[in-house]
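Throughout the sequence shown, residue numbering follows my numbering, covering 36 to 145 in sequence.
For reference, the structure is listed below as structure tokens.
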Amino acid sequence: MRKNIIVVLCLVLLLTGCNNSSVAVPNKKTAKAVAQAVFDEMEKDEVTKNFVFDEVFYDEEKEAWVVVYWNDFSKPGPYSTGAIYITIRKEDAQVINIFYGELMPDGSPA
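Pasting the structure below:
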């Protein structure tokens with residue numbers, strides 16, 4: 036897992052530049068790529084093994100990207116009302132949180 040994350044982070048640095056004026060995760064596409072590397076290496080149970088990418092949004096308060104994985108309803112259940120949220124800090128691509136469950140509208144755990 037660590038090797039895959041390092042490879043993705045190196046690619047991010049190559050694509051975005053290595054000087055201090057650039058941002059390590061400048062956009063949704065890059066955030067999704069970093070999160071996908073993490074998600075692919077996660078151990079999954081019967082419910083989460085059918086999760087797929089759902090959305091990416093930017094949390095201005097945390098200055099981080101949040102990438103969400105949720106049920107793939109085209110596959111047979113079981114299904115979950117929760118999702119997997121991977122939070123990646125924009126400035127350095129550090130994964131600062133992996134959360135499984137439901138979030139309230141303000142972004143706090145349910």
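Ideal Cβ placement from N, Cα and C applies to all residues, glycine included.
Comparing C-alpha positions only, which one of 58, 77, 81 and 72 sits nearest to residue 111? 81
Residues in its own chain within less than 6 Å of residue 90 by CB, not counting five upstream and five downstream? 103
For the region 89–115, list the beta strand (DSSP E) runs that are entirely contained and at least 3 residues long, ordered along the chain. 99–106
Helix, strand or coil for residue 85 per DSSP? helix
For the candidate residues 97, 108, 99 and 95, whose alpha-carbon lies nearest to that of residue 88? 108
Residue 66 vs residue 105 beta-carbon contact at 7 Å: no
Rounded straight-line distance, which links the Cα of residue 117 to that of residue 135: 7 Å
Proximity winner among 79, 71 and 131, relative to residue 122 (alpha-carbon distances): 131
What residue range does the beta strand (DSSP E) around residue 130 cover? 130–136
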